[in-house]
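**Q**
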Amino acid sequence: MSDRYSFSLTTFSPTGKLVQIEYALNAVAQGVTSIGIKATNGVVIATEKKTASPLIDDSSLEKVANVCPNIGIVYSGMGPDFRVLLSRARKAAQKYKRVYNEYPPTNILVKEVASVMQEFTQRGGVRPFGVSLLIAGYDDNTGPALYQVDPSGSYWAWKASAIGKNMVNAKTFLEKRYNEEMELEDAVHTSILTLKEGFEGQMTENSIEIGIIGG
Amino acid sequence: MSALEYNGGAIVAMAGKNCVAIAADKRLGVQLMTVSMDFQKIFQATDKSFIGLPGLATDVQTLSELFRFKTNMYKLREEREIEPRTLAHMVSSTLYERRFSYYFAEPVIAGLDKNNQPFICSMDLIGCINFAKDFVVSGTSSRSLYGMCESLWEPDLEPEDLFETISQSLLNAVDRDCLAGWGAVVHVITPERVITRHLKTRMD
């Protein structure tokens, strides 16, 4: 029975694409917008907290999450897939700390998470994660850092970025507003403005979530 | 016969003013018989940090290769050199992994951190770190070394004075130990350079 599932869902198409990853990116593109902005003294990540019904207790929903004291994470896409990756990221951070007695620098943690996501595009019997992640962190050697990780497992660093439904407009908006000397306060303000651009419905303090690293 | 005394050896490290020094004897013996007079016990981990490994010679060599592997991988992954304090924790974790079939070595680490602040520490064979501000000792002559260091060390020694102090501490301690001696090497680490000197010692 199990050998029927030993082949991988991500097999190459004739054009050289992995269609499952393309579809995963579609799942991300349907997800609620998330923003990340790197400032001189920290990083801001933010997302809409869009609940299906006003009856949902949105205080119990955590979209912007802590990985370790110096790294935060937000996503666009499928919430349950995010929880799995968050759990892996937290465990990886603690594992690092057990060896070196300090939390990992952002780029090391990002490599770990990206490596997990890549694994799920090659191993048999699994599907890729339906999320893109924005990982924000601060470490003494490189300062503030913002990374995006995609379902394929590729990652790259941004000065400012958006993922999810409204990413194109949001990135255009950010291109105009962003400057290298931006401080944390300005970055928070800009991220709220960027979210507001594509917001469906009323934006209140309960319908957005903001994470701030640094300060 | 204890595994930690089979091959013999002694290591000491001291902190000075913006510098650290680490010194070791050069004897390799098989119990009472001396087999080599130039056995390396101090290994360079990064540009500004060293690990001294006294104890069972096979573990000295295995651990030095293992730490070279780990520090090389760290440098490739993190794109920077490992800090002395982080190195100490890494060494400690490595030793504790073998909590019940331990390596017979009690390392000493000395180095300057990224702000050129002195760092020294020692640990036992299962990885308990002893962070010290003044000096750390290890090996078959450790008791004599404690006595010598306690008498001779003073704070804020300049590199040249630190060299004299650590050399005299080592020499006079190993001279009372039949399992250590037969030559010595001293490394003095300053922000600008590392100076390595080989001492002329009693060859008995």
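Which chain is which? The protein sequence lines are F and C, in order. Residue numbers for the first sequence follow the working numbering, beginning at 95 and rising by one. Residue numbers for the second sequence follow the working numbering, beginning at 57 and rising by one. Backbone N, C-alpha and C define an ideal beta-carbon position, used for all residues, glycine too.
#1: Given that Val193/F touches chain C, what residues does it touch there, using C-beta distances under 8 angstroms?
#2: Under the three-state reduction of DSSP, which class applies to Thr257/C: helix, strand or coil?
#3: Would you mind sorting Leu203/F into buried or exposed? The rule is 16 or more other CB atoms within 10 Å of its CB.
#4: According to DSSP, is Gly197/C helix, strand or coil?
#5: Can you list the residues of chain A that Thr246/C reaches, using a CB-CB cut of under 8 angstroms?
#6: Please confirm whether Thr142/C has its beta-carbon closer than 9 angstroms to some beta-carbon of chain F.
#7: For Met179/C, which residues does DSSP report across the bridge?
#8: Could you give the distance in angstroms between the alpha-carbon of Val241/C and the alpha-carbon of Asn128/C?
#9: Asn235/F touches chain C at which residues, Cβ-Cβ below 7 angstroms?
#10: Pairing CB atoms from the segment 172 to 190 of chain F with CB atoms from the segment 130 to 141 of chain F, are three or more of them under 8 angstroms?
#11: Of the residues that make up the segment 252 to 283 of chain F, which ones have a beta carbon closer than 8 angstroms to any beta carbon in chain C?
#12: Specify the secondary structure class of Leu226/C as computed by DSSP and reduced to three states.
#13: When the cut-off is 9 angstroms and only beta carbons count, does Glu196/F lie next to chain C?
#14: Quick one: measure Cβ to Cβ for Ser105/C and Ile165/C, integer angstroms, because I've assumed they're closer than 8 angstroms.
#15: If I'm right that Asp152/F touches Lys143/F with Cβ under 8 angstroms, what's the distance once you round it to whole angstroms?
#16: With a threshold of 6 angstroms on Cβ separation, who are the neighbours of Met95/F within its own chain once the five nearest residues in sequence on each side are excluded?
#17: Below 6 angstroms CB to CB, which residues in the same chain sit around Ser86/F once its five sequence neighbours on both sides are set aside?
#18: Could you give the distance in angstroms between the alpha-carbon of Ile307/F and the alpha-carbon of Phe160/C?
#19: Along the alpha helix (DSSP H) that carries Ala183/F, what are the first and last residues, could you check?
#20: Check the C-beta distance from Pro245/F over to Val225/F and give it rounded, since I have them as a contact under 8 angstroms.
#21: Can you check the segment 97 to 183 of chain C for any beta strand (DSSP E) of at least 3 residues that lies completely inside it and give the ranges in chain order?
**A** Considering the structure as presented:
#1: Start at 1 with the first residue of the first sequence, and residue 193/F comes out as number 99. The contacting residues are His145, Met146 and Ser149.
#2: Start at 1 with the first residue of the second sequence, and residue 257/C comes out as number 201. In this structure, Thr257/C counts as coil in the three-state DSSP scheme.
#3: As a position in the first sequence, residue 203/F is number 109, starting the count at 1. With 16 or more Cβ atoms within 10 Å of its Cβ, Leu203/F is classed as buried.
#4: As a working note, residue 197/C is residue 141 in the second sequence. In the sequence under discussion, the amino acid at residue 197/C is Ser, which differs from the Gly named in the question. The answer is coil: DSSP assigns Ser197/C none of H, G, I, E or B.
#5: Within the model displayed, chain A is absent; protein chains F and C are what it includes.
#6: In the second sequence, the residue the question calls residue 142/C occupies position 86. Interface residue, yes.
#7: Taking the second sequence and counting its residues from 1, one reaches residue 179/C at position 123. According to DSSP, residue pairing for Met179/C in a beta bridge involves Ile185/C.
#8: What you label residue 241/C is simply residue 185 of the second sequence in a count that begins at 1. What you label residue 128/C is simply residue 72 of the second sequence in a count that begins at 1. Taking the straight line from one Cα to the other gives about 25 angstroms.
#9: Walking along the first sequence from the start, residue 235/F turns up at place 141. Residues of chain C passing the Cβ test: Arg136.
#10: With the cut-off at 8 angstroms, the segment 172 to 190 of chain F and the segment 130 to 141 of chain F do not touch.
#11: Those would be none; no residue qualifies.
#12: Here residue 226/C refers to the residue found at position 170 when the second sequence is read from its first residue. DSSP, reduced to helix, strand and coil, places Leu226/C within a helical segment of the structure shown.
#13: Translated into positions along the first sequence, residue 196/F becomes position 102. Yes - at least one Cβ of chain C is within 9 angstroms of the one on Glu196/F.
#14: Numbered from 1 along the second sequence, position 49 holds the residue referred to as residue 105/C. Numbered from 1 along the second sequence, position 109 holds the residue referred to as residue 165/C. The beta-carbon distance between Ser105/C and Ile165/C, rounded to whole angstroms, is 7 angstroms. This is short enough to meet the 8 angstroms contact definition.
#15: Taking the first sequence and counting its residues from 1, the one referred to as residue 152/F is at position 58. Taking the first sequence and counting its residues from 1, the one referred to as residue 143/F is at position 49. Taking a contact as a CB-CB distance under 8 angstroms, the pair Asp152/F and Lys143/F counts as one, their CB atoms being some 6 angstroms apart.
#16: The residue labelled residue 95/F in the question sits at position 1 within the first sequence. Model confidence at Met95/F stands at a pLDDT of 48, short of 50, so the residue's coordinates are unreliable; what they give is reported in the following sentence. Answer for Met95/F: no residue qualifies.
#17: In the structure displayed, chain F extends from 95 to 309; residue 86/F sits before or after that span and is not available.
#18: As a working note, residue 307/F is residue 213 in the first sequence. As a working note, residue 160/C is residue 104 in the second sequence. Rounded to whole angstroms, Ile307/F to Phe160/C spans 44 angstroms at the Cα level.
#19: If you number the first sequence from 1, residue 183/F lands on position 89. Residues Gly173 to Tyr194.
#20: Sequence index remark: in the first sequence, residue 245/F carries index 151 (1-based). Sequence index remark: in the first sequence, residue 225/F carries index 131 (1-based). Yes, Pro245/F and Val225/F are in contact; Cβ-Cβ is about 7 angstroms, under 8 angstroms.
#21: Whole beta strand (DSSP E) segments, 3+ residues: 98 to 102, 105 to 108, 164 to 168 and 174 to 179.
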